[in-house]
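In this note's numbering, the protein residues as written are 4 to 186.
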Amino acid sequence: MILLRRTFFFVLLSSLSALTSQCAPRVAQQETAPPLVRTEVPSEHAVEKIEVAPLDAVERRYAEISAAEIPREISRLLSSIRTEQGSQDAGMAHLQLAWLYGHYRNPSPQYLKAQQELEAYIVFDPKNGAHDDVQNWYHMLREMGRLQRENSDLRGKAEQLKIQVEQLEHLDIEMEKRRQNIK
Numbered sequence: 004m005i006l007l008r009r010t011f012f013f014v015l016l017s018s019l020s021a022l023t024s025q026c027a028p029r030v031a032q033q034e035t036a037p038p039l040v041r042t043e044v045p046s047e048h049a050v051e052k053i054e055v056a057p058l059d060a061v062e063r064r065y066a067e068i069s070a071a072e073i074p075r076e077i078s079r080l081l082s083s084i085r086t087e088q089g090s091q092d093a094g095m096a097h098l099q100l101a102w103l104y105g106h107y108r109n110p111s112p113q114y115l116k117a118q119q120e121l122e123a124y125i126v127f128d129p130k131n132g133a134h135d136d137v138q139n140w141y142h143m144l145r146e147m148g149r150l151q152r153e154n155s156d157l158r159g160k161a162e163q164l165k166i167q168v169e170q171l172e173h174l175d176i177e178m179e180k181r182r183q184n185i186k
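Right, here's the structure in full:
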């Protein structure tokens, strides 16, 4: 039932896209249309090609990824980036790495690396990197990094205070012993 709804939605969406492109002047469409990536949408009856934003394509690609598959996929993408430097595939690999480093199923998420990979994607593809959803995600990752650093600093200060409290307790015990010896 859900698959049927999705198929209907994508057919409707592509029909609306076709109608919109016929009605609007070509120049205006090129200036206002978001950059898109071609991807296939699974269907029971037929596979229909529609255009999707890169972040949506990555989300769909990894919708069903398991925790065990994430480290293998990260390794594959890192080697892909090394071999395809400067190509469009390398830019998408940076976006995919950012997604996987911060994925909720990742057994050890690395938000700083996710932020770095997203920055690399934004530099590589500034047009798609300027989308609101990418920028929103980037700023959230930056804030998470800041909060992690702040949390780490506070934990360090708490540890120092704990040591000082133990030293003061020890000093208090020593002073109490001396007081008892004086009496």
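By construction, the Cβ of each residue, glycine as well, lies at the ideal position given by its N, Cα and C atoms.
- In the three-state reduction of the DSSP assignment, Ser-83 falls in the helix class, which pools H, G and I.
- Buried is the label assigned to Met-95, since at least 16 other Cβ atoms lie within 10 Å of its Cβ.
- Contact between Arg-108 and Ala-66 does not hold, since their C-beta atoms are separated by about 10 Å, which reaches or exceeds 8 Å.
- Per DSSP, Ala-133 lies in no alpha helix (DSSP H) and is assigned neither H nor E.
- Here the region 74 to 86 makes no contact with the region 134 to 153; the two share fewer than three CB pairs at distances below 8 Å.
- Taken through DSSP and simplified to helix, strand or coil, Tyr-141 comes out as helix.
- DSSP, read as helix, strand or coil, puts Glu-67 in coil.
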